[in-house]
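A.B. asks: Position in the sequence shown counted from 1, then plus 523, gives you the working numbering.
Ideal placement from N, C-alpha and C gives every residue a C-beta, glycine not left out.
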Amino acid sequence: MTKIKESSTWNSNKTASALKCPITYVMNKIGGHWKPIILYYLIPGPKRYSELRRAIPGITEKMLAQHLKQLREDNLIERVVQQEMPPITIYSLSKSGKKMAPILLALGDWALKDSKLYVNLVMNSVPDAQPKAKSKEGNNSPPRSSRKRKVVGQKL
């Protein structure tokens with residue numbers, strides 16, 4: 524990933540925006556696809572790197588390592604390396620990260636409710652999304668009685 528110069532216009536605009544808007548500040552800390560998910564999986568308690576990797580489907584080793592590092596730099600998680608053979612690295616929420624837990628849980632609750640509304644909206648507004656009654660043949664074709672056959676030489 525390319526690091527943006529601290530003196531760049533983009534970086535100074537981002538910093539100025541974060542000072543004026545608390546949502547921008549939060550999104551600078553937890554923005555992106557994986558950071559909120561990582562924090563969410565750490566809410567129940569500390570996890571090893573391998574546990575996080577297994578728990579979060581679709582995340583690559585590189586992305587997990589990169590986001591864990593960024594979350595540590597932003598003081599949202601803590602990293603403890605236990606000197607055993609082999610060494611064990613454990614990640615947990617920091618004090619600041621624990622304060623964010625109720626917010627993440629509320630976002631999760633909202634998503635569950637909103638996704639049900641979304642599915643209902645789609646099912647009711649898109650004709651092809653509604654389940655079709657199965658005919659006696661067990662497929663989604665109309666019942667035989669409603670089918671019209673054209674016989675050669677016969678007018679319908």
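(1) Express the C-alpha separation of Met646 and Thr612 in angstroms, rounding to a whole number.
(2) When you compare each of Tyr614, Pro610, Leu575 and Ile579 to Leu599 by their alpha carbons, which one comes out closest?
(3) Do you know whose CA, among Glu596, Arg576, Thr547 and Lys622, lies nearest Ile560's CA?
(4) Below 8 Å on the Cβ atoms is my contact criterion, and I expect Leu627 with Tyr563 to pass it. Report the Cβ-Cβ distance as a whole number of Å.
(5) Between the alpha carbons of Arg595 and Trp557, how many angstroms are there, rounded?
(6) So what's Leu635 in DSSP terms, helix, strand or just coil?
(7) Within the same chain, show all residues whose beta-carbon is closer than 6 Å to that of Val604, passing over the 5 residues directly before and after it, in chain order.
(8) Label Met623 either buried or exposed according to how many other C-beta atoms from any shown protein chain fall within 10 Å of its C-beta, with 16 as the threshold for buried.
(9) Give the C-beta separation of Lys552 and Asp597 to the nearest angstrom, bearing in mind that I take them to be a contact with Cβ-Cβ under 8 Å.
(10) With DSSP collapsed to three states, give me the class of Leu599.
(11) Are there 16 or more other CB atoms within 10 angstroms of the CB of Gly516, so buried, or fewer, so exposed?
(12) Alpha carbon to alpha carbon, what distance is there between Gly568 and Leu587?
(13) Give me, in chain order, the residues of the same chain whose beta-carbon lies closer than 8 Å to that of Gly631; leave out the 5 immediate sequence neighbours on both sides.
C.D. replies: Well, looking at it:
(1) Along the sequence shown, one-based indexing puts residue 612 at 89. Along the sequence shown, one-based indexing puts residue 646 at 123. Going from the Cα of Thr612 to the Cα of Met646 covers about 46 Å.
(2) Within the sequence shown, the letter at position 76 stands for residue 599. Measuring from the Cα of Leu599, the nearest candidate turns out to be Tyr614.
(3) Start at 1 with the first residue of the sequence shown, and residue 560 comes out as number 37. Nearest C-alpha to Ile560: Arg576.
(4) On the sequence shown, position 104 is the one that residue 627 refers to. On the sequence shown, position 40 is the one that residue 563 refers to. Sure, about 5 Å apart at Cβ, within 8 Å.
(5) Position 72 of the sequence shown holds residue 595. Position 34 of the sequence shown holds residue 557. In a straight line, the C-alpha of Arg595 is about 14 Å away from that of Trp557.
(6) Locating residue 635 in the sequence shown gives position 112, where the first residue counts as 1. Three-state DSSP puts Leu635 in a helix.
(7) One-based indexing of the sequence shown puts residue 604 at position 81. Same-chain partners within the cutoff: Pro610 and Thr612.
(8) Taking the sequence shown and counting its residues from 1, one reaches residue 623 at position 100. With 16 or more Cβ atoms within 10 Å of its Cβ, Met623 is classed as buried.
(9) Numbered from 1 along the sequence shown, position 29 holds the residue referred to as residue 552. Numbered from 1 along the sequence shown, position 74 holds the residue referred to as residue 597. 5 Å between Cβ atoms; contact.
(10) To locate residue 599, count along the sequence shown from 1; it is residue 76. Correct three-state label for Leu599: coil.
(11) Outside the displayed range of the chain (524 to 679) lies residue 516, so it cannot be described from this structure.
(12) Position 64 of the sequence shown, counting from 1, holds the residue named residue 587. Position 45 of the sequence shown, counting from 1, holds the residue named residue 568. When rounded, the distance between both Cα atoms is 18 Å.
(13) Here residue 631 refers to the residue found at position 108 of the sequence shown. Once the five neighbours on either side are set aside, the close Cβ partners of Gly631 are Tyr563.
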